[in-house]
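A quick write-up on the structure given underneath.
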Amino acid sequence: QKEVEQNSGPLSVPEGAIASLNCTYSDRGSQSFFWYRQYSGKSPELIMFIYSNGDKEDGRFTAQLNKASQYVSLLIRDSQPSDSATYLCAVKWIVNTGFQKLVFGTGTRLLVSP
Amino acid sequence: DAGVTQSPTHLIKTRGQQVTLRCSPISGHKSVSWYQQVLGQGPQFIFQYYEKEERGRGNFPDRFSARQFPNYSSELNVNALLLGDSALYLCASSLLRGTAGTDTQYFGPGTRLTVL
């Protein structure tokens, strides 16, 4: 059973602070990791993906991957109230050629206060 | 370019009824996946279709079925609806190039199904 674990939160940070969202996964063979943002009542929106150990930066967002520890995180710098949403961590499970599925965590709710 | 589209946006049904949800993938994408998201949970995988064939199925009962058409659009059907089927149903499309880990799934706006 492939599992993805996230703290459900809420994680509360003041405007301008760094928000750190964490995710652990059970399948040591996993290769691809995704962060989606989901506003209340809306569908998930892709923020970033990461495949290699280390950091990947995109604007205010940095994804960090440590495959040895089976840990992936998302840092949001200069957090804004508009970043308030649920952040979903997803791990891709490649079953075979032509069959891939995403396994999601339950999401972490982030609240950024003005 | 248009993203993934889904219809209808919202749907209210009663127990025992049947429902059909529709999805059109991003132009050029040949793979469509369906997910169910109940309140407070992450999306759960239901089906993946690629090149009009079912490639994978999640842990859902046979009341759930789907198909993909020659234009790569897809339908999800749920029969004999139960209260527990109330959820946001999400369609995701991707290019799906072999086992490329770089393949990314993009979600549509979802269909909110309420079963009374």
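Note that the protein sequences, when read in sequence, are chains V and X.
Heads up: the first sequence runs through residues 1 to 114, numbered per our numbering.
Heads up: the second sequence runs through residues 1001 to 1116, numbered per our numbering.
Backbone N, C-alpha and C fix where the C-beta goes; we use that ideal spot for every residue, glycine too.
Bear in mind the structure is a predicted one, so any value in this text is a computation, not a measurement.
For S32 (chain V), is the classification buried or exposed, using 16 other Cβ atoms within 10 angstroms of its Cβ as the cut-off for buried? Here residue 32 (chain V) is taken as the residue at index 32 of the first sequence, counted from 1. That one is buried.
Starting from A90 (chain V), follow its DSSP beta bridges and name the residues at the other end. The residue labelled residue 90 (chain V) in the question sits at position 90 within the first sequence. DSSP lists V:F34, V:F104 as partners of A90 (chain V).
Can you tell me where the beta strand (DSSP E) with F1069 (chain X) in it begins and where it stops? On the second sequence, position 69 is the one that residue 1069 (chain X) refers to. Where F1069 (chain X) is concerned, there is no enclosing beta strand (DSSP E), given that its DSSP letter is neither H nor E.
Buried or exposed (CB count within 10 angstroms, at least 16 for buried), I1012 (chain X): Translated into positions along the second sequence, residue 1012 (chain X) becomes position 12. By the 10 Å Cβ count, I1012 (chain X) comes out exposed.
Is L75 (chain V) helix, strand or coil when you go by DSSP? In the first sequence, the residue the question calls residue 75 (chain V) occupies position 75. Three-state DSSP puts L75 (chain V) in a strand.
Please identify the residue among X:H1010, X:Q1037, X:L1116, X:Y1050 whose C-alpha is closest to the C-alpha of H1029 (chain X). Position 29 of the second sequence, counted from the first residue, corresponds to residue 1029 (chain X). With distances taken between Cα atoms, H1029 (chain X) lies closest to X:Y1050.
In terms of alpha-carbon separation, which member of X:A1092, X:R1055, X:R1112 lies closest to G1003 (chain X)? Here residue 1003 (chain X) corresponds to residue number 3 of the second sequence, with the count starting at 1. It is X:A1092 whose Cα lies nearest to the Cα of G1003 (chain X).
Can you tell me the Cβ-Cβ gap for S1073 (chain X) and S1024 (chain X), rounded? I've got them flagged as a contact below 8 Å. Position 73 of the second sequence, counted from the start, is the residue given in the question as residue 1073 (chain X). Position 24 of the second sequence, counted from the start, is the residue given in the question as residue 1024 (chain X). Sure, about 5 Å apart at Cβ, within 8 Å.
Short Cβ contact (8 Å threshold) for L1088 (chain X) with R1015 (chain X): The sequence position of residue 1088 (chain X) within the second sequence is 88, counting from 1. The sequence position of residue 1015 (chain X) within the second sequence is 15, counting from 1. Going by C-beta atoms, L1088 (chain X) is not nearer than 8 Å to R1015 (chain X).
Using a Cβ-Cβ cutoff of less than 8 Å, which residues in the same chain neighbour A1066 (chain X) once the five nearest sequence positions on both sides are dropped? For this step, residue 1066 (chain X) is matched to residue 66 along the second sequence. W1034, I1046, F1047, Y1049, E1054, S1074, E1075, L1076, N1077.
Cut-off 7 Å between Cβ atoms - residues of its own chain near P1008 (chain X), not counting five sequence neighbours on either side: Locating residue 1008 (chain X) in the second sequence gives position 8, where the first residue counts as 1. Excluding sequence neighbours, P1008 (chain X) sits near T1111.
Is it true that the CB of V4 (chain V) sits closer than 8 Å to the CB of V91 (chain V)? For the purposes of this step, residue 91 (chain V) is taken as the residue at position 91 of the first sequence. For the purposes of this step, residue 4 (chain V) is taken as the residue at position 4 of the first sequence. Yes, these two residues count as a Cβ contact at 8 Å.
How is S26 (chain V) classed by DSSP in three states: helix, strand or coil? On the first sequence, residue 26 (chain V) is found 26 positions in, with the first residue counted as 1. Correct three-state label for S26 (chain V): coil.
Throw me the rounded Cβ distance for the Q1006 (chain X) and P1109 (chain X) pair, which I believe falls under 8 Å. Counting from one through the second sequence, the residue named residue 1006 (chain X) turns up at place 6. Counting from one through the second sequence, the residue named residue 1109 (chain X) turns up at place 109. At roughly 6 Å, the Cβ-Cβ gap stays under 8 Å, so Q1006 (chain X) and P1109 (chain X) are in contact.
Interface residues of the region 1012-1038 of chain X facing chain V [CB-CB below 7 Å]: S1033
Hey, would you say S79 (chain V) sits closer than 8 Å to I18 (chain V), going by beta carbons? The sequence position of residue 79 (chain V) within the first sequence is 79, counting from 1. The sequence position of residue 18 (chain V) within the first sequence is 18, counting from 1. Yes, the Cβ-Cβ distance between S79 (chain V) and I18 (chain V) is below 8 Å.
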